[in-house]
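Asks: If you scroll down you'll find the structure; I have some questions about it.
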Amino acid sequence: MSLRNMNIAPRAFLGFAIIGTLMLILGVFALSKMNKIRGATEDLANGNVPSIKSLDRFAEVSIRLRVLSYRLLVNRDPETQQKTIDLLAMRNKQITDAQAIYEKLISDPNERNLYGQYVQLLGQYRQLEERLKTLTRANKIEELQNLLNNELLSNSDQMNVVLGKLVEINTAQLNQVKKDASREHDSAFNMVIGLLIAATLLTIVFAWMLIKSITTPIATALHAAETIAKGNLTQPIQIDGSDEAGRLLLAMKTMQDKLRDTLQGISGSATQLASAAEELNAVTDESARGLVQQNNEIEQAATAVNEMTSAVEEVARNAVSTSQASRNAATSAGDGRDLVQETVSAIERMIGSIQSGTEQAVSSMRNSTERAESTLNIAKGAGMALNTINVAVEEINERNMVIASAAEEQAQVAREVDRNLVNIRDLSAQSTTGANQTSAASTELSRLAVDLNSMVSRFAL
Numbered sequence: 001m002s003l004r005n006m007n008i009a010p011r012a013f014l015g016f017a018i019i020g021t022l023m024l025i026l027g028v029f030a031l032s033k034m035n036k037i038r039g040a041t042e043d044l045a046n047g048n049v050p051s052i053k054s055l056d057r058f059a060e061v062s063i064r065l066r067v068l069s070y071r072l073l074v075n076r077d078p079e080t081q082q083k084t085i086d087l088l089a090m091r092n093k094q095i096t097d098a099q100a101i102y103e104k105l106i107s108d109p110n111e112r113n114l115y116g117q118y119v120q121l122l123g124q125y126r127q128l129e130e131r132l133k134t135l136t137r138a139n140k141i142e143e144l145q146n147l148l149n150n151e152l153l154s155n156s157d158q159m160n161v162v163l164g165k166l167v168e169i170n171t172a173q174l175n176q177v178k179k180d181a182s183r184e185h186d187s188a189f190n191m192v193i194g195l196l197i198a199a200t201l202l203t204i205v206f207a208w209m210l211i212k213s214i215t216t217p218i219a220t221a222l223h224a225a226e227t228i229a230k231g232n233l234t235q236p237i238q239i240d241g242s243d244e245a246g247r248l249l250l251a252m253k254t255m256q257d258k259l260r261d262t263l264q265g266i267s268g269s270a271t272q273l274a275s276a277a278e279e280l281n282a283v284t285d286e287s288a289r290g291l292v293q294q295n296n297e298i299e300q301a302a303t304a305v306n307e308m309t310s311a312v313e314e315v316a317r318n319a320v321s322t323s324q325a326s327r328n329a330a331t332s333a334g335d336g337r338d339l340v341q342e343t344v345s346a347i348e349r350m351i352g353s354i355q356s357g358t359e360q361a362v363s364s365m366r367n368s369t370e371r372a373e374s375t376l377n378i379a380k381g382a383g384m385a386l387n388t389i390n391v392a393v394e395e396i397n398e399r400n401m402v403i404a405s406a407a408e409e410q411a412q413v414a415r416e417v418d419r420n421l422v423n424i425r426d427l428s429a430q431s432t433t434g435a436n437q438t439s440a441a442s443t444e445l446s447r448l449a450v451d452l453n454s455m456v457s458r459f460a461l
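Take 1 as the starting number for the sequence shown in full-length UniProt numbering and just add one per residue.
As structure tokens, then:
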């Protein structure tokens, strides 16, 4: 199984576990060798060395016993002899104590056989020692000398030979233990050095593999991130492994694909936006020109309506003036009619007065009467004409009122039309302003589309 298929934590744990296992193996081996060396040392301390010390004690006590034996021969003082005998007993007890220690340390069969010979010789010595004591007490000097020079000497020599062999055996064992300890030490030293070298090499190898399995994908991810940061989205990202770094590379690859798709979509949208902005700008310019022309036409229509309103108001004012003049004429005609009536009445009274006053004046006044009658007829005709004029004036007055009312209504309509035209003109101006703003916005959109294309062009898709 590849290390890249493991997460970093288990991978690191495995690496350190292997290193720890190597260290554990090294430690266990070193401890095992140390135990063997310690066992050899204990064998030296508890076996061979005490055995040699015991043998030395045997030899020392044997020499002392021999000296004490000769002391019995030389010093014949009873008190001194008794002290010597007591010392012999003490030395024998020392040998017995040393035997108790040595017997526990015997491990080699040859050594046990030789020790058996030593025990046998020691038993013979003690028998000879009893004879020595007896001869000393009996004061048999010559027999005592023969015993010392022959049997005791022979026993002592044999005992020394056996003790020498026992010392040689223990010395050989000591040397063997030393050789074994040295061999174990050399073996342990070489094995520990070898294991240290192997553990160090394996540690370096595992550390290198662990570091490489971590740093290589991180370096790949860093290179991919730097490439994306430079705007190059064409470089493929190689994914090797399913650990955290592999999943990071997978996420970066997914991000790169989505970023490339997004930028391509933005580029396409920016192109469409630029085209739409250009079309909108053209339509807006055309609409602005149409609105300007419409505004001019509305201005002309408003001017015409204003002029028409002024004319209608002038007609209304004229109609009102005419109506007022007609009313004044009707009033004057009424006054004239009343005056004619009064004149006719005065003439009739004057005629009646003339007719009834004097007969004499008939002839002289006939002409006057005729003239008065002619004047009366003229006055009556004038009254009738005035009545006709009054009727015509009233009709004219009524028509003028109708004309004035219609003119006023027409003026109201014209003013309303003028207000509507003004509102339309304002709306047209606002539409023109909005068209200009729309044109500016479309220009800004076109610029933004260019900027978007420029920004997208920084990336290599």
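Using N, Cα and C, we set each Cβ at its ideal position, and we do this for glycine too.
Flag this pair as touching only if the segment 16-36 and the segment 202-212 have three or more C-beta atom pairs under 8 angstroms; answer yes or no.
Replies: The segment 16-36, when compared against the segment 202-212, does touch it at the 8 angstroms Cβ threshold.
Asks: Beta-carbon separation of K33 and S242 under 8 angstroms?
Replies: As a position in the sequence shown, residue 33 is number 33, starting the count at 1. As a position in the sequence shown, residue 242 is number 242, starting the count at 1. It is not a contact, given that the beta carbons lie outside the stated cut-off.
Asks: With distance defined between alpha-carbon atoms, name the residue in L122, Y115 and D451 nearest to I169.
Replies: The residue you call residue 169 lines up with position 169 of the sequence shown. Comparing Cα positions, the closest option is Y115.
Asks: Using CA coordinates, which residue listed in G290, R38, L87 and D77 is at the minimum distance from E129?
Replies: Numbered from its first residue, the sequence shown carries residue 129 at position 129. Taking only the C-alpha atoms, the option nearest E129 is L87.
Asks: Where do the N-terminal and C-terminal ends of the alpha helix (DSSP H) with K93 fall, by residue?
Replies: The residue given as residue 93 occupies position 93 in the sequence shown. Looking at the DSSP string, the run of the alpha helix (DSSP H) that includes K93 is P78 to E103.
Asks: So, using beta-carbon positions, are L122 and I101 closer together than 8 angstroms?
Replies: Start at 1 with the first residue of the sequence shown, and residue 122 comes out as number 122. Start at 1 with the first residue of the sequence shown, and residue 101 comes out as number 101. Against a cut-off of 8 angstroms, the Cβ pair of I101 and L122 comes out as no contact.
Asks: Assess contact between the segment 276-283 and the segment 436-451, defined as three or more Cβ pairs (one per stretch) separated by less than 8 angstroms. Is contact present?
Replies: Contact holds: three or more Cβ-Cβ distances are below 8 angstroms.
Asks: Starting from M191, follow the alpha helix (DSSP H) in both directions and report where the run begins and ends.
Replies: Residue numbering aside, residue 191 sits at position 191 when the sequence shown is read from its first letter. First-last of the alpha helix (DSSP H) with M191: L153 to A229.
Asks: How is N436 classed by DSSP in three states: helix, strand or coil?
Replies: Numbered from its first residue, the sequence shown carries residue 436 at position 436. N436 falls in the helix class under three-state DSSP.
Asks: Taking C-alpha atoms, which residue in A207, N146, Y118 and Q300 lies nearest to L163?
Replies: For the purposes of this step, residue 163 is taken as the residue at position 163 of the sequence shown. Among A207, N146, Y118 and Q300, the Cα nearest to that of L163 is on Y118.
Asks: If distances are taken between C-alpha atoms only, which option among Q173, A30 and G434 comes closest to L105?
Replies: Here the question's residue 105 lines up with position 105 in the sequence shown. Of Q173, A30 and G434, the residue nearest in Cα terms is Q173.
Asks: For N420, name the three-state secondary structure that DSSP assigns.
Replies: For the purposes of this step, residue 420 is taken as residue 420 along the sequence shown, with counting starting at 1. Helix.
Asks: What is the residue span of the alpha helix (DSSP H) that S133 lies within?
Replies: Taking the first residue of the sequence shown as 1, we reach residue 133 at position 133. At residue 133 the sequence reads Lys, which differs from the Ser that was named. That run of the alpha helix (DSSP H) goes P109 to A138.
Asks: Check each candidate in G246, L248, D257 and A219 and name the one with the smallest Cα separation from G231.
Replies: Position 231 of the sequence shown, counted from the first residue, corresponds to residue 231. Nearest of G246, L248, D257 and A219 to G231, Cα basis: D257.
Asks: Report the option in M191, A198 and M159 whose CA atom is closest to the CA atom of I18.
Replies: Locating residue 18 in the sequence shown gives position 18, counting from the first residue. Closest by alpha carbon: A198.
Asks: Would you mind sorting I63 into buried or exposed? The rule is 16 or more other CB atoms within 10 Å of its CB.
Replies: As a first step, residue 63 is located in the sequence shown; it is residue number 63 there, counting from the start. Exposed, by the Cβ-count rule.
Asks: Alpha carbon to alpha carbon, how far is R112 from D77? Give it in angstroms, no decimals.
Replies: The residue given as residue 77 occupies position 77 in the sequence shown. The residue given as residue 112 occupies position 112 in the sequence shown. Whole-angstrom Cα-Cα distance: 41 angstroms.
Asks: Looking only at its chain, what residues have a beta carbon closer than 8 angstroms to the beta carbon of K140, apart from the 5 residues adjacent to it on each side?
Replies: Within the sequence shown, the letter at position 140 stands for residue 140. Within the same chain, K140 has no close Cβ partners at all.
Asks: If you drop the 5 nearest sequence neighbours on each side, which residues of the same chain put their C-beta closer than 6 angstroms to that of V61?
Replies: On the sequence shown, position 61 is the one that residue 61 refers to. Only R91, Q94 and I95 meet the Cβ criterion.
Asks: Which class does Q272 belong to by DSSP, given the choice of helix, strand or coil?
Replies: Taking the first residue of the sequence shown as 1, we reach residue 272 at position 272. Helix, per DSSP.
Asks: If you draw a straight line from the C-alpha of P50 to the C-alpha of N75, how long is it?
Replies: For this step, residue 50 is matched to residue 50 along the sequence shown. For this step, residue 75 is matched to residue 75 along the sequence shown. Going by the C-alpha atoms only, they are around 36 angstroms apart.
Asks: For the alpha helix (DSSP H) containing L148, list its first residue and its last residue.
Replies: Residue mapping note: residue 148 aligns to position 148 of the sequence shown, counting from 1. Note, L148: premise wrong, no alpha helix (DSSP H); not H, not E.
Asks: What's the gap between the Cα of T136 and the Cα of S54?
Replies: Taking the sequence shown and counting its residues from 1, the one referred to as residue 136 is at position 136. Taking the sequence shown and counting its residues from 1, the one referred to as residue 54 is at position 54. Rounded to whole angstroms, T136 to S54 spans 30 angstroms at the Cα level.
Asks: Can you tell me the Cα-Cα spacing of E398 and E409, whole angstroms?
Replies: As a position in the sequence shown, residue 398 is number 398, starting the count at 1. As a position in the sequence shown, residue 409 is number 409, starting the count at 1. Going by the C-alpha atoms only, they are around 16 angstroms apart.
Asks: For Y70 and L166, which I take to be in contact (beta-carbon distance under 8 angstroms), what is that distance rounded to the nearest angstrom?
Replies: The residue you call residue 70 lines up with position 70 of the sequence shown. The residue you call residue 166 lines up with position 166 of the sequence shown. At roughly 25 angstroms, the Cβ-Cβ gap does not stay under 8 angstroms, so Y70 and L166 are not in contact.
Asks: Here's the rule I'm using: 16 or more other beta-carbon atoms within 10 Å means buried, otherwise exposed. How should E184 be labelled?
Replies: Reading the sequence shown from its first residue, position 184 is the one you call residue 184. E184 should be labelled buried.
Asks: Starting from the Cα of V161, find the closest Cα among F58, G246, V177 and I214 and give me that residue.
Replies: As a position in the sequence shown, residue 161 is number 161, starting the count at 1. It is F58.
Asks: When DSSP labels each residue in this structure, what does I52 get in the three-state scheme?
Replies: For the purposes of this step, residue 52 is identified with residue 52 of the sequence shown, where counting begins at 1. It is helical.
Asks: Per DSSP, what kind of secondary structure is N75 in: helix, strand or coil?
Replies: Residue 75 sits at position 75 when you count from the first residue of the sequence shown. Coil.
Asks: Would you say A224 and M252 are within 8 angstroms of each other, going by their C-beta atoms?
Replies: For the purposes of this step, residue 224 is taken as the residue at position 224 of the sequence shown. For the purposes of this step, residue 252 is taken as the residue at position 252 of the sequence shown. Yes, they are a contact pair.
Asks: Rounded to the nearest angstrom, how far is the Cβ of L250 from that of I239, given a contact under 8 angstroms?
Replies: Counted from its first residue, the sequence shown places residue 250 at position 250. Counted from its first residue, the sequence shown places residue 239 at position 239. 5 angstroms between Cβ atoms; contact.
Asks: Below 8 angstroms on the Cβ atoms is my contact criterion, and I expect V192 with L65 to pass it. Report the Cβ-Cβ distance as a whole number of Å.
Replies: Numbered from 1 along the sequence shown, position 192 holds the residue referred to as residue 192. Numbered from 1 along the sequence shown, position 65 holds the residue referred to as residue 65. 52 angstroms between Cβ atoms; not a contact.
Asks: Could you name the residues of the same chain whose beta carbon sits closer than 6 angstroms to that of T84, not counting the 5 residues immediately before and after it, in chain order?
Replies: Position 84 of the sequence shown, counted from the first residue, corresponds to residue 84. Within the same chain, T84 has close Cβ partners L68, R71 and L72.
Asks: Measuring alpha carbon to alpha carbon, tell me which of I218, L427 and Q127 ends up nearest E244.
Replies: One-based indexing of the sequence shown puts residue 244 at position 244. Ranking the options by Cα distance to E244, first place goes to I218.
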